[in-house]
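Written out below as structure tokens is the structure these notes cover.
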């Protein structure tokens, strides 16, 4: 399913500012920004300019051109299209805000008798559902992924074992994303391995249905699909921790929990944040596994965009795409507010 | 990825080998076969994998002496390309249920029936809506409602000299079920909502088609009557979706499938016993050793109809070649090819010339197979004595309840369908 690539596009958009966020400090504390933050940055820029080989601008020229043509131009088009009028067989360049009105419409706002009093539009609630799933899966990924990364980085002593076990974690990711999703079917289905085991062990009388095509199965599959995206970054930030610091803490009488709370956890937060950003952005664009593992019993923003695109309502598909992107950016900003990556790195 | 693109079983190894062989042959024999050597000339045709198949366009190139290059797309991509890039194809192998979008956009040119020598032989199914005089034309986007145009491409009451699309392959869909699990034959769409099958039922997850299957079922239950299932009002959509939401929250649906393969797997893996289905799925499920029957509901089936349109941008020599190619479809070879996958063609008598008598009897007449019969690639898929579900072609199309349609309230429908899925 080539369509799987689509949701990753907005993902890229969300992830790009996450790396640098040069404007963030300024937004935060305007007073401090001028002196404190711009100083080193400006110095850095001067250092680059003095590098041998003349002006280094050409180094980033290809990337800039690429991003302009394939990211900024399409983004701008989506924004412009979202204000076009849908003609039923495409769109006409007649500016309108109707698409946004439809998107945000809260039915029966002035009519308490209305069937759906104060219910947000189905598009907002779809965005909400997608968001809710993303949060659940992020928390679960963290609960599963952090201990794995912790074990790899701090319990396994030999570097070669660390590397070997880390690669072992990555093995499932050498196959296609879709195959990993489909692989859950023979596992969780009514005639699947798990059900057969349950019946044969006498735990249940007949196969249970809640494993597949259910919220349970969907969440489980998503955690498996994305957990490695946080194991990697957390592992690297944990591995960077100076062991002598931990020894020093131990010498000074700190117990294991104190060491974790005071040293390990704060120092691993940048890895956690980066991992969470990866997972969040991917999950918001998710729609293929909803079809495969949840049996299409849920609609994600991706599905909505596709449904409107199919029948040529491009403006409304554009509004949905933009709102998804904005939601992703807000999510990324929140994660970065919680953990100041720039300070930590 | 949505509606009909998976009608055909996945790409086979034979197709791949065929393609490879063709490329090799083209290289080796480029000097001898001028139509292959002229790579950039010829025409381009786009559509779904139902009609865009290497073997078909390859045979057309061979017969016509110029290259016909096909591109099979998913449903959404196909509609998008047809609408927005009509300079990227000469022929569009589209579907009559998209005509409410295609005709007003004028991306296609009216086809002049005087340039279609076999036009008289095209059946009345698309001309009057009645395959046989006593047939019921059915609700919704029946081809005859979208066929006739004037010289400028505006819709007119037929018959007229110009048409929107040259009618081609078509079929009628209904429900598939596992008779061992249901314990009784399924003879009505209403069974889709029977409590006996709660939690073991699947629907097609395409709002435009899924609601029609649901509407047929609701009418079968006798709790609601639609004025026109092919063009529902907001109130009708509301009633139907509210009903569906209630059913979904009670756990009635096991899944909503999007691709042909999914519909096959759902029944093969025992997840469902009854689901909306495309007819080639029956063969695929039986091939896995799971019993499966295609229902022939008393309310009638849901029809769909494809054909060939010509881009408004095609002129001069490419226009002539486009006409040659769409006329080639009527000649019968292509129709015989798709017949072996269970589809019908608008000119049955020409298809008959390219089928063996046993094949004709099985696929069109609905008689028991007199011998083993192959699919288009030569694999035996029909055992001797087997009977095609749904009877003969004429029986099947005598009672089409509704045709796949694009409703005026399509946007509202998609909105409410989304709500249904999230309920």
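Residue numbers (this note's numbering), protein chains in the order written: chain Y, 78 to 422; chain Z, 34 to 456.
All C-beta atoms, glycine included, are put in the ideal place defined by N, C-alpha and C.
Proximity of chain Y to residue 447 of chain Z at the Cβ level (cut-off 7 Å) is accounted for by 384 and 385, in chain order. Relative to residue 258 of chain Y, the option among Y:302, Y:364 and Y:343 whose CA is nearest is Y:302. Rounded to whole angstroms, the gap between the alpha carbons of residue 242 of chain Y and residue 231 of chain Y is 13 Å. Counting along the chain, residue 206 of chain Z sits inside the beta strand (DSSP E) bounded by residues 199–210. Proximity of residue 376 of chain Y to chain Z, defined by a Cβ-Cβ separation below 7 Å, is satisfied.
DSSP lists Z:80 and Z:341 as the bridge partner or partners of residue 126 of chain Z. Sequence-distant Cβ neighbours of residue 229 of chain Y in its own chain, meaning closer than 7 Å and more than five residues away, are 239, 242, 243 and 312.
In its chain, beyond the 5 residues on either side, 202 have a beta carbon closer than 6 Å to the beta carbon of residue 371 of chain Z. By the rule that beta-carbons nearer than 7 Å mark a contact, residue 344 of chain Z does not touch chain Y. Rounded to whole angstroms, residue 267 of chain Z and residue 183 of chain Z show a C-alpha spacing of 32 Å. For residue 335 of chain Y, the secondary structure class from DSSP, reduced to helix, strand or coil, is helix. Here the alpha carbon of residue 185 of chain Z sits roughly 32 Å from the alpha carbon of residue 260 of chain Z.
Z:200 is the residue among Z:116, Z:200 and Z:132 whose C-alpha sits nearest the C-alpha of residue 157 of chain Z. Residue burial annotation: residue 82 of chain Z is buried, with at least 16 other C-beta atoms found within 10 angstroms of its C-beta.
A contact between stretches requires three or more CB pairs, one per stretch, nearer than 8 Å, and the stretch 144–155 of chain Z fails this requirement with the stretch 409–428 of chain Z. The Cβ-Cβ distance between residue 210 of chain Z and residue 307 of chain Z falls below 7 Å.
Between the stretch 297–313 of chain Z and the stretch 120–138 of chain Z there are fewer than three inter-stretch CB-CB distances shorter than 8 Å, so the stretches are not counted as touching. In its chain, beyond the 5 residues on either side, 232 have a beta carbon closer than 6 Å to the beta carbon of residue 284 of chain Z. Residue 192 of chain Z and residue 179 of chain Z have their alpha carbons spaced roughly 11 Å apart. Residue 290 of chain Y belongs to the set of residues whose beta carbon lies under 7 Å from a beta carbon in chain Z.
Short of 7 Å from the beta carbon of residue 159 of chain Y, and not among the five residues preceding or following it, lie these beta carbons of its own chain, in chain order: 176, 392, 395, 396 and 399. Think of a sphere of 7 Å around the beta carbon of residue 154 of chain Y: no beta carbon from chain Z falls inside it, the nearest being about 13 Å out. Using a Cβ-Cβ cut-off of 7 Å, residue 266 of chain Z does not count as an interface residue toward chain Y, since no Cβ of chain Y sits closer than that to its own. Annotation: residue 168 of chain Z to residue 430 of chain Z spans about 7 Å, alpha carbon to alpha carbon. Judged by DSSP secondary structure, residue 286 of chain Z falls outside any alpha helix (DSSP H) and instead within the beta strand (DSSP E) spanning 286–290. Taking 7 Å as the cut-off, the beta carbon of residue 336 of chain Z is found closer than this to the beta carbon of residue 205 of chain Z. Scanning Z:366, Z:115, Z:243 and Z:436 for the CA closest to the CA of residue 333 of chain Z turns up Z:436. One finds 199, 200, 203, 376, 380, 381 and 384 in chain Y with Cβ atoms closer than 8 Å to the Cβ of residue 451 of chain Z, taken in chain order.
Residue 104 of chain Z carries a strand assignment under DSSP once its states are collapsed to helix, strand and coil. In this structure, the straight-line span from the alpha carbon of residue 180 of chain Y to that of residue 201 of chain Y is close to 7 Å. The beta carbons of residue 218 of chain Y and residue 341 of chain Y sit no closer together than 7 Å. Per DSSP, residue 256 of chain Z is not a residue of any alpha helix (DSSP H), being assigned neither H nor E. Residue 189 of chain Z carries a coil assignment under DSSP once its states are collapsed to helix, strand and coil. Judged by DSSP in its simplified three-state form, residue 419 of chain Y adopts helix.
By the Cβ-count criterion, residue 287 of chain Z is buried, with 16 or more other Cβ atoms from all chains shown falling within 10 Å of its own Cβ. When the beta-carbon positions are compared, residue 422 of chain Z and residue 327 of chain Z come within less than 7 Å of each other.
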